[in-house]
Amino acid sequence: MNLLTSTHYFSMMSKRMDIFDEIASFLPKEERIAFLENVIEASGSIYKASKITGISRPQIYRYLSKVSRRNYPSDEVTARILRAAFQLRPMWTRQRLKALIKVLSDTVNKI
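In numbering that gives the first Met the number 0, the protein residues as written are 0 to 110.
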């Protein structure tokens, strides 16, 4: 990879990371959990999902908790989950995000 190509690559990767940060700020709480569950399924275990996302296993268990004091990932953590989901299952991630956009668009059109 020459210097121009590598600079272009890192520029594209930087933009992609910014996109995940931006998308994360709009995701509803339950969708954040759905993306995390997908990362766990795709990686094969909570341990591996923890390593990929940089989220501790105890925190992942708190996110997945079925009790009333459930925690939800912050925007920063959600961006890491989205990056991992895109890395593991890019097509699923795109399709899920497109479905969310369609639901939002349909809702806005009712106004």
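No residue lacks a Cβ here, since even glycine has one placed at the ideal position from N, Cα and C. Everything numeric in this text was worked out from a predicted model, so none of it was measured.
Limits of the unbroken alpha helix (DSSP H) element including residue i
i: serine 44; result: It is not in any alpha helix (DSSP H) - serine 44 carries neither H nor E in the DSSP assignment.
i: proline 89; result: 89-108
Top-ranked residue by Cα proximity to residue i, from the options
i: alanine 83; options: Lys28, Asp105 and Gly43; result: Gly43
i: glutamine 94; options: Asn37, Asn70 and Ala48; result: Asn37
i: valine 76; options: Trp91, Arg31 and Thr106; result: Arg31
i: phenylalanine 34; options: Lys50, Arg79, Arg68 and Ile100; result: Arg79
i: phenylalanine 25; options: Glu40, Asn108, Met90 and Ser73; result: Ser73
i: aspartate 20; options: Phe85, Val107, Val102 and Lys101; result: Phe85
i: aspartate 17; options: Trp91, Gln58, Ile39 and Leu81; result: Leu81
Anticipated Cβ contact below 8 Å, residue i with residue j, distance rounded
i: isoleucine 45; j: arginine 56; result: 6 Å
Output the residue ranges of the beta strand (DSSP E) runs that lie fully inside the region 30-85 and measure 3 residues or longer, sorted by chain position. If one requires a minimum length of 3 residues, no beta strand (DSSP E) run lies completely within the region 30-85.
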